[in-house]
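Asker:
Protein chains in written order, with our numbering: chain S, 18 to 250; chain P, 18 to 250.
#1: How far does the beta strand (DSSP E) with residue 111 of chain S in it extend, from its first residue to its last?
#2: Taking three-plus beta-carbon pairs below 8 Å as touching, is the stretch 59–70 of chain S in contact with the stretch 86–99 of chain S?
#3: Spell out a yes or no on whether the stretch 72–81 of chain P and the stretch 114–122 of chain P are touching, meaning 3 or more CB-CB pairs, one atom from each, closer than 8 Å.
#4: Judging by CA-CA distance, which residue of P:140, P:243, P:198 and P:123 is the nearest neighbour of residue 102 of chain P?
#5: Give the interface partners of residue 63 of chain S over in chain P, defined as CB-CB distance under 8 Å, in chain order.
#6: Kindly indicate the opening and closing residues of the beta strand (DSSP E) around residue 34 of chain S.
#7: Roughly how far, in whole angstroms, is the beta-carbon of residue 148 of chain P from the beta-carbon of residue 218 of chain P, given that I think they are within contact range, below 8 Å?
#8: Per DSSP, what kind of secondary structure is residue 174 of chain P in: helix, strand or coil?
#9: Flag residue 180 of chain S as yes if its beta-carbon sits less than 8 Å from any beta-carbon of chain P, otherwise no.
#10: Can you find a CB in chain P that lies within less than 8 Å of the CB of residue 74 of chain S?
#11: For a quick check, are the C-beta atoms of residue 110 of chain P and residue 18 of chain P less than 8 Å apart?
#12: Give me the chain S residues within the contact set of residue 57 of chain P, using Cβ-Cβ distance strictly less than 7 Å, ordered along the chain.
#13: So which residues of chain S does residue 131 of chain P contact, with C-beta pairs closer than 8 Å?
#14: Once the 5 residues before and after residue 158 of chain P are set aside, which same chain residues still bring their CB inside 6 Å of it?
#15: Can you give me the C-alpha to C-alpha distance between residue 145 of chain P and residue 197 of chain P, rounded to a whole angstrom?
#16: Looking at the unbroken alpha helix (DSSP H) that takes in residue 88 of chain S, where does it start and where does it end?
#17: Determine, for residue 85 of chain S, whether the minimum Cβ-Cβ distance to residues of chain P falls below 8 Å.
#18: Restricting to Cα atoms, I'd like to know which of P:100, P:98, P:192 and P:132 is closest to residue 156 of chain P.
#19: For the stretch 167–191 of chain S, enumerate the residues whose C-beta is nearer than 9 Å to any C-beta of chain P, in chain order.
#20: Comparing alpha-carbon positions, which option in S:93, S:94, S:211 and S:133 lies nearest residue 54 of chain S?
#21: Roughly how many whole angstroms lie between the Cα atoms of residue 205 of chain S and residue 216 of chain S?
#22: Does any residue of chain S bring its CB to less than 8 Å from the CB of residue 28 of chain P?
#23: I need the boundaries of the alpha helix (DSSP H) containing residue 126 of chain S, first residue and last residue.
#24: Could you work out which residues of chain S lie near residue 221 of chain P, taking near to mean beta carbons separated by less than 9 Å?
#25: Can you name the residues of chain P whose CB is closer than 9 Å to the CB of residue 32 of chain S?
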């Protein structure tokens, strides 16, 4: 399996970085090939803008998705997007590894999706959800957060964690057609003991070992909708 | 009322830009003071990183929220963050105006929250939700999207739109203590007629005129939780 870990933490000594390194070791020990895309180390530019397309199909008015298609067709994608897209296309499993910022992705990682999840390659037209062009690949969120486990769930202060993550789990990864694995959440990381951290890394190893049987996030099948996306039943 | 519109569209001629301009005119006609922070025009840097803090409280290990507090206390915030934070503190109504990217904020706007929603000023400790430090201010999302209205709701292909927006509505704006207004969604914008666009701008004018009676998004009160955030009932 080709595993792509897109890693986005500003502190190289962070626990989140240790998670990335631990996953890399564990997957490699199993014979998988792992590539790490460390967005902070690369100083990845997360801003989708006109600067991405020096040669435009429409120089007078920017429609980002149309220029993505045009640039891809003309082999004129910016180097950084082309590089990340090649990694994405090659991978069987995409892991986004990050600290939860405002219940979602840090901007540098959100922008990786904005710029690399290319119209016409990753999704497009009616190619989304179970017809998304990433079909056959798996995706997994592994992240750290300050909150504790009891703060999430029915009646908990922040309600259900996967609902908070819905625009990523369903709206991005599911939309693109990935099989979306149940996330790995490392709770309360800034406040826990060294022993608890070591234990959490062990749990992550176990999660890597048992990925085949890990729960999947469900999202709709377009078989249940007509071409205008009205529900059939 | 001081209105701050944080605007994030890469095309200055976009319909989204027309929404920003329309709201500015309408609020000003009512005697309100409007400031527009145009993130693309400013080339706003959305990446929360060590570069934000040249003088660190802990030079050996970056904890972003702690360095935010340290820099703020020592009057050492980067100019761009200090400028946006001053606009945020002065405003009575914060409007985020943007095109929906992957069912959430474009990275340049997500990073505005990551960097400007300062620990100790916007939230902190048990100061969140109805004890968030932005209490007394209102917040409103106004955005464009490609999808159509019937694609959202019970049994619709993308389910409920506000649930998709939860990390912003509840997890960011609600968490910070804002009164969060029901969003204004401009559906199907890339595909509609000029007449339909004009009508949509009229609807936005009406929404501005009737903001006082617009529905609010509900989120928890910390009165219902103990100090460890276990539910009291």
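Just so you know, even glycine gets a beta-carbon here, dropped at the ideal spot from N, CA and C.
Here the structure is a predicted model, which is why all the values come from computation and not from measurement.
Answerer: Based on what the coordinates show:
#1: The residue you call residue 111 of chain S lines up with position 94 of the first chain. Residue 111 of chain S -> beta strand (DSSP E) spans 110–116.
#2: Yes, the stretch 59–70 of chain S is in contact with the stretch 86–99 of chain S.
#3: no
#4: Along the second chain, one-based indexing puts residue 102 of chain P at 85. Checking every option, the nearest Cα to that of residue 102 of chain P belongs to P:140.
#5: Residue 63 of chain S sits at position 46 when you count from the first residue of the first chain. Per Cβ cutoff of 8 Å: 63, 64, 124, 125 and 128.
#6: Locating residue 34 of chain S in the first chain gives position 17, counting from the first residue. Segment 32–46 is the alpha helix (DSSP H) holding residue 34 of chain S; no beta strand (DSSP E) there.
#7: Sequence index remark: in the second chain, residue 148 of chain P carries index 131 (1-based). Sequence index remark: in the second chain, residue 218 of chain P carries index 201 (1-based). Not really, about 37 Å apart at Cβ, beyond 8 Å.
#8: Along the second chain, one-based indexing puts residue 174 of chain P at 157. DSSP, reduced to helix, strand and coil, places residue 174 of chain P outside both helices and strands of the structure shown, so it counts as coil.
#9: The residue you call residue 180 of chain S lines up with position 163 of the first chain. Chain P, which has a Cβ nearer than 8 Å to the Cβ of residue 180 of chain S, makes this yes.
#10: Position 57 of the first chain, counted from the first residue, corresponds to residue 74 of chain S. No, residue 74 of chain S does not count as interfacial toward chain P.
#11: Here residue 110 of chain P refers to the residue found at position 93 of the second chain. Here residue 18 of chain P refers to the residue found at position 1 of the second chain. The answer is yes: Cβ separation under 8 Å.
#12: Here residue 57 of chain P refers to the residue found at position 40 of the second chain. Going along chain S in sequence order, the residues near residue 57 of chain P (Cβ under 7 Å) are 66.
#13: Sequence index remark: in the second chain, residue 131 of chain P carries index 114 (1-based). Those within 8 Å of residue 131 of chain P in chain S are 118, 119, 123 and 124.
#14: In the second chain, counting from the first residue as 1, residue 158 of chain P sits at position 141. Taken in chain order, the residues that qualify are 113 and 200.
#15: As a working note, residue 145 of chain P is residue 128 in the second chain. As a working note, residue 197 of chain P is residue 180 in the second chain. If I take the Cα positions, the gap works out to 14 Å.
#16: Walking along the first chain from the start, residue 88 of chain S turns up at place 71. Per DSSP, residue 88 of chain S belongs to the alpha helix (DSSP H) from 81–90.
#17: Here residue 85 of chain S corresponds to residue number 68 of the first chain, with the count starting at 1. Put simply, the CB of residue 85 of chain S is far from chain P, with every gap to its CB atoms at 8 Å or more.
#18: To locate residue 156 of chain P, count along the second chain from 1; it is residue 139. Considering only alpha carbons, the answer is P:192.
#19: 167, 168, 172, 173, 174, 175, 176, 180, 181, 182, 183, 184, 185, 187, 188 and 189
#20: Here the question's residue 54 of chain S lines up with position 37 in the first chain. It is S:133 whose Cα lies nearest to the Cα of residue 54 of chain S.
#21: Here residue 205 of chain S is taken as the residue at index 188 of the first chain, counted from 1. Here residue 216 of chain S is taken as the residue at index 199 of the first chain, counted from 1. Taking the straight line from one Cα to the other gives about 13 Å.
#22: Counted from its first residue, the second chain places residue 28 of chain P at position 11. Chain S contact via Cβ: present.
#23: Walking along the first chain from the start, residue 126 of chain S turns up at place 109. That run of the alpha helix (DSSP H) goes 124–133.
#24: Against the second chain, residue 221 of chain P aligns to sequence position 204. What residue 221 of chain P touches in chain S: nothing, since even the nearest Cβ is about 21 Å away.
#25: For the purposes of this step, residue 32 of chain S is taken as the residue at position 15 of the first chain. By Cβ distance, chain P contributes nothing, its closest Cβ being about 11 Å from residue 32 of chain S, past 9 Å.
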